[in-house]
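*Asks:* The structure follows.
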Ligand SMILES: [Zn+2]
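Residue numbers (this note's numbering): 10 to 288.
Right, dumping it as structure tokens:
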């Protein structure tokens, strides 16, 4: 695979007009410009290490080329070139060696993750996957911006309040709701993608809005509220009877998991719903 390894070259920034010397071919005075080409080895087109340098002078009159390393510079040319380089030196671009750095980082990362993995497998017995996590994820997918009184009355009430309270702060069409009952527990999930405009320090008010709003309706006084506010990327607010996380940035969604405990009650709740529909 010829393209795995190879060499590349780039012309360095500074170029010098050679003074007090004539072109060995056309004998014109001060017509030559000299510069340096730096070569590097690349791996998949990422420069890995710098290799050689070539300094070349070109005559602007006759277009002849002279290579310093091939001893084609006259002593005058060499002197002029070197004195100008001393004043205004050409340094090699850092990226010519960046591959070395990337490879080093990759090796450190690989070794690091191997060590961490080894310690983890030694010390911790593997955690069983929490089914409640998957249940929460499924419920988070059920949120809708248009909850109805018939299918999800809790969400419907909260939306009514939020539409008024969040006016001007958040686009109400981008707020999604879902709620679920399990015995005397109610899970309320609110998904707001456009939370940027609400400062994280004042986001906890959203939890207050929910509780105030439900206080206006009957049937919520003796319920345990499990409230989760989901932002664009992660849960930003969580409020539950067992603990809350309302700093407004990264909330621990595991606090919501106890909602899913005692699954028999959940079946009961579903049956009640079905009966109501028959009527
Ligand atoms: Zn010339």
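Ideal Cβ placement from N, Cα and C applies to all residues, glycine included. Owing to the predicted nature of the structure, the values given are computational and were not obtained by experimental measurement.
When the Cα of residue 226 is compared with those of 263, 171 and 163, which residue comes out closest?
*Replies:* Here residue 226 refers to the residue found at position 217 when the chain shown is read from its first residue. Among 263, 171 and 163, the Cα nearest to that of residue 226 belongs to 163.
*Asks:* Assess contact between the segment 119 to 131 and the segment 154 to 161, defined as three or more Cβ pairs (one per stretch) separated by less than 8 Å. Is contact present?
*Replies:* no
*Asks:* In the DSSP assignment, what are the bridge partners of residue 289?
*Replies:* Given a span of 10 to 288 for the chain in the structure shown, any question on residue 289 remains unanswerable.
*Asks:* Expressed to the nearest angstrom, what Euclidean distance is found between the alpha-carbon atoms of residue 142 and residue 127?
*Replies:* What you label residue 142 is simply residue 133 of the chain shown in a count that begins at 1. What you label residue 127 is simply residue 118 of the chain shown in a count that begins at 1. So the alpha carbons of these two residues sit roughly 26 Å apart.
*Asks:* In its own chain, which residues sit with a C-beta less than 6 Å from the C-beta of residue 287, not counting the 5 before and 5 after it?
*Replies:* Reading the chain shown from its first residue, position 278 is the one you call residue 287. At residue 287 the pLDDT is 43, less than 50, meaning the model places this residue with poor confidence; the figure from the coordinates comes in the next sentence. The beta carbon of residue 287 sits closer than 6 Å to no other beta carbon from its chain once the five residues preceding and following it are set aside.
*Asks:* If you run the structure through DSSP and keep just helix, strand and coil, what is residue 218?
*Replies:* Locating residue 218 in the chain shown gives position 209, where the first residue counts as 1. Reduced to three states, the DSSP call for residue 218 is helix.
*Asks:* Can you name the residues that DSSP bridges to residue 76?
*Replies:* Numbered from 1 along the chain shown, position 67 holds the residue referred to as residue 76. In DSSP, residue 76 forms a bridge with 65.
*Asks:* Determine the direct distance from the alpha carbon of residue 271 to that of residue 284, and round the result to whole angstroms.
*Replies:* For the purposes of this step, residue 284 is taken as the residue at position 275 of the chain shown. For the purposes of this step, residue 271 is taken as the residue at position 262 of the chain shown. Since pLDDT at residue 284 reaches only 45, below the 50 mark, its modelled position is unreliable, and the value read off the structure follows with that caveat. Computed Cα separation, rounded: 22 Å.
*Asks:* Which whole-angstrom value is the C-beta distance of residue 209 and residue 185, which I expect to be below 8 Å?
*Replies:* To locate residue 209, count along the chain shown from 1; it is residue 200. To locate residue 185, count along the chain shown from 1; it is residue 176. That belief does not hold up - the Cβ atoms of residue 209 and residue 185 are roughly 20 Å apart, past 8 Å.
*Asks:* Please indicate yes or no: does the CB of residue 40 lie closer than 8 Å to some heavy atom of ligand 1?
*Replies:* Here residue 40 is taken as the residue at index 31 of the chain shown, counted from 1. The answer is yes for residue 40.
*Asks:* Please go through the same chain and pick out, in chain order, the residues whose beta-carbon is closer than 6 Å to the beta-carbon of residue 277, but skip the five residues on each side of it.
*Replies:* On the chain shown, position 268 is the one that residue 277 refers to. Bear in mind that a pLDDT of 46 at residue 277, under 50, signals an unreliable position, so the model cannot answer this.
*Asks:* At what residues does the alpha helix (DSSP H) containing residue 252 begin and finish?
*Replies:* Start at 1 with the first residue of the chain shown, and residue 252 comes out as number 243. Residue range 252 to 254 is occupied by the beta strand (DSSP E) that includes residue 252, with no alpha helix (DSSP H) assigned at that position.
*Asks:* When the Cα atoms are used, what is the spatial distance from residue 45 to residue 15?
*Replies:* Here residue 45 is taken as the residue at index 36 of the chain shown, counted from 1. Here residue 15 is taken as the residue at index 6 of the chain shown, counted from 1. Cα-Cα distance, rounded: 20 Å.
*Asks:* Would you call the segment 49 to 56 in contact with the segment 72 to 91, where contact means no fewer than 3 C-beta pairs closer than 8 Å?
*Replies:* no
*Asks:* Does the beta-carbon of residue 107, which I'm using as the reference point, lie nearer than 8 Å to any heavy atom of ligand 1?
*Replies:* The residue labelled residue 107 in the question sits at position 98 within the chain shown. Ligand 1 has no heavy atom closer than 8 Å to the beta-carbon of residue 107.
*Asks:* Does residue 26 pass the burial test, meaning 16 or more other C-beta atoms within 10 Å, or should it be called exposed?
*Replies:* Position 17 of the chain shown, counting from 1, holds the residue named residue 26. Burial call: exposed.
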